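Peer 1: First the structure, which I've put down as structure tokens, then a few questions once you've had a look.
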Amino acid sequence: MTNSTVLVNDDALFFNMAASTGYTVQLVAFFDTSGTGDFKFGFTGSNVATSVRAAAYFVPPSGTAFTAATFTAYNTAGTAVLGTGSNGGIVILHAAIINGANPSTFNFSWAQRSEEHTSELQSRLHLVCRLL
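Just so we're aligned, residue 15 is where the sequence shown starts under my numbering, counting upward by one.
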């Protein structure tokens with residue numbers, strides 16, 4: 015992705031959710047940015063989910079400590095991962111979701127935080143979903 019600050023659903027990091035069904039989600043995404051372009055991520059699903067509980071842990075490129083964030087709804091606005099490095103960023107997401115009355119799709123979305131630089135996910139990605 016180049017020069018986009020709008021969250022876009024990743025083509026590979028998604029799964030379909032059945033109606034009124036619970037899931038656990040584990041996701042690991044490694045990313046690089048150019049300079050201080052930084053990175054932001056989000057995740058979406060049905061807008062009528064019965065329950066969403068999630069925790070994300072992330073480190074910016076060249077960072078040395080994890081930052082944590084918790085969510086009680088889908089993260090449609092995105093969370094910025096800020097740093098000054100360019101290689102070695104990571105996002106780890108753990109979630110428990112009970113989907114609403116209609117089938118929907120869980121999506122991991124991402125973008126760069128500023129238009130001056132590029133961000134990219136690396137090929138080392140991991141998404142696991144299980145029924146609750």
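Glycine is no exception: its CB is placed at the ideal position from the N, C-alpha and C atoms. None of the values given here were measured: they were computed from a predicted structure.
Comparing C-alpha positions only, which one of Val-66, Gln-136, Asn-30, Leu-145 sits nearest to Val-42?
Peer 2: One-based indexing of the sequence shown puts residue 42 at position 28. With distances taken between Cα atoms, Val-42 lies closest to Gln-136.
Peer 1: Name the DSSP bridge partner or partners of Gln-40?
Peer 2: Numbered from its first residue, the sequence shown carries residue 40 at position 26. For Gln-40, which the question treats as bridged, DSSP gives the partners His-108, Val-142.
Peer 1: Cα-Cα, which of Arg-67, Leu-146, Phe-53, Phe-120 is closest to Phe-103?
Peer 2: Residue 103 sits at position 89 when you count from the first residue of the sequence shown. According to the sequence displayed, residue 103 carries Gly and not Phe. When each option's Cα is compared against that of Gly-103, the closest is Phe-53.
Peer 1: Take Thr-147 and list the residues in its own chain whose beta-carbon comes closer than 8 angstroms to its own, dropping the five residues that flank it on each side.
Peer 2: Coverage of the chain is limited to positions 15 through 146, which leaves residue 147 absent and any answer about it impossible.
Peer 1: Look at the alpha carbon of Pro-74 and the alpha carbon of Val-95, and state the distance between them as a whole number of angstroms.
Peer 2: The residue given as residue 74 occupies position 60 in the sequence shown. The residue given as residue 95 occupies position 81 in the sequence shown. Each residue's alpha carbon lies about 6 angstroms from the other.
Peer 1: Check whether the Cβ atoms of Phe-120 and Phe-45 lie closer than 8 angstroms to each other.
Peer 2: Mapped onto the sequence shown, residue 120 falls at position 106. Mapped onto the sequence shown, residue 45 falls at position 31. Not closer than 8 angstroms, so no.
Peer 1: Taking Thr-98 as the reference, which of Ala-68, Arg-127, Val-142 has the closest Cα?
Peer 2: Along the sequence shown, read from residue 1 onward, the residue named residue 98 stands at position 84. Of the listed residues, the one whose Cα sits closest to Thr-98 is Arg-127.
Peer 1: So, helix, strand or coil for Arg-127, using DSSP?
Peer 2: Taking the first residue of the sequence shown as 1, we reach residue 127 at position 113. Coil.
Peer 1: Return the chain-ordered list of same chain residues with a C-beta closer than 6 angstroms to the C-beta of Leu-21, the five sequence neighbours on each side being excluded.
Peer 2: Taking the sequence shown and counting its residues from 1, the one referred to as residue 21 is at position 7. The residues are Gly-56, Gly-92, Ser-123, Ala-125.
Peer 1: Go through its chain and collect everything with a Cβ distance to Ser-118's Cβ below 7 angstroms, but skip five positions before and after it.
Peer 2: Indexing the sequence shown from 1 puts residue 118 at position 104. Same-chain partners within the cutoff: Met-31, Gly-59, Ser-60.
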